[in-house]
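> Per our numbering, the very first residue in the sequence shown carries number 1215; after that it's consecutive.
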Amino acid sequence: MKRKYEMLAKSDQINNRVGSVFLRIALLSGLCLCFSVFGYPQNGDESDLTGAFGRHLGEYSINQPRKPKGLSDFKNFVLEEPAGQNIDHPKTDSKRRTFVNGTVSLVNGTTLRLKSAWLKMNRDGKYEWLQFVTETVNGEYFRFDGYFLRKRVDDVPNIDTYLRGTLQRFRNGKRLAKANLPFTIYADM
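Given below as structure tokens:
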């Protein structure tokens, strides 16, 4: 009889230990889940403006009330993925650049195609820089070198700036205008 009670007592101790181990595992799992959901930014963090290739495609316009001298007729530029490019897994070269297509548009309706344009990744694998040069039309072309901001900035009230960079305009090999400008994006849907 004594042996039976000893076995039951040991059985209860084992059940208590197993139960407390499962309880501890459940509690720790819950805590880990809370930290991962609430404690750290996720990949889809909207506050970080660098990131995935597709989020940078769209129409960009100067985000300030007055355009600088020599760029007053600049309307916008558009970035598009090249034919055959997979937005989810874009091709990059050895310099971590992904090439894009697009255009620069002027207020008078003139459109210049991008001759050479790319987004460049940082060490974290996020697209952080943009460079392009347009084709030459009537002796004129544009060059841009800029970076995507990590946080939104309101240069104009209620309109976020996503990109800053130097836009240059050339005519017959001479620079007509150069300005460091903020840009906002109207993303493709």
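Note that beta-carbon positions come from the ideal geometry of N, C-alpha and C, so glycine has one too.
1) I need the DSSP call for Arg1269, collapsed to helix, strand or coil.
2) Give me, in chain order, the residues of the same chain whose beta-carbon lies closer than 6 angstroms to that of Asn1394; leave out the 5 immediate sequence neighbours on both sides.
3) Which same chain residues, not among the five before or five after Arg1311, have their C-beta less than 8 angstroms away from its C-beta?
4) Can you give me the start and stop residues for the beta strand (DSSP E) that Glu1161 sits inside?
5) Quick check on the burial criterion: 16 or more other C-beta atoms within 10 angstroms. Buried or exposed for Thr1325?
6) Across which residues does DSSP place Glu1294 in a beta bridge pair?
7) Apply the 10 Å Cβ neighbour rule to Gln1256 and answer buried if 16 or more other Cβ atoms are within range, or exposed otherwise.
8) For Asn1183 and Arg1385, I'd like the C-alpha separation in whole angstroms.
9) Going by DSSP, which residues form a beta bridge with Leu1330?
10) Taking only three categories from DSSP, how would you classify Asn1394?
The relevant details are as follows:
1) Walking along the sequence shown from the start, residue 1269 turns up at place 55. It is helical.
2) Residue numbering aside, residue 1394 sits at position 180 when the sequence shown is read from its first letter. So the list reads Thr1380, once near-sequence residues are dropped.
3) As a working note, residue 1311 is residue 97 in the sequence shown. For Arg1311, where only same-chain residues beyond five positions count, the Cβ hits under 8 angstroms are Trp1332, Leu1333, Lys1334 and Met1335.
4) Given that the chain is displayed from residue 1215 to residue 1403, the structure contains no residue 1161 and the question cannot be resolved.
5) Residue mapping note: residue 1325 aligns to position 111 of the sequence shown, counting from 1. Using a 10 angstroms sphere on the CB of Thr1325, the tally of other CB atoms stays under 16, which defines it as exposed.
6) Against the sequence shown, residue 1294 aligns to sequence position 80. DSSP lists Asn1315 as partners of Glu1294.
7) Counting from 1 along the sequence shown, the entry for residue 1256 is found at position 42. Residue placement at Gln1256 cannot be trusted, given a pLDDT of 33 that sits under 50; what the coordinates show is reported in the next sentence. Answer is exposed; the Cβ neighbour count stays below 16.
8) In this structure the chain extends from 1215 to 1403, so residue 1183 is not present and cannot be described.
9) Working through the sequence shown from its first residue, we reach residue 1330 at position 116. In the sequence on display, residue 1330 carries Ser and not Leu. Answer by DSSP bridge pairing, in chain order: Val1347.
10) Residue mapping note: residue 1394 aligns to position 180 of the sequence shown, counting from 1. When secondary structure is reduced to three states using DSSP, Asn1394 falls in the strand class.
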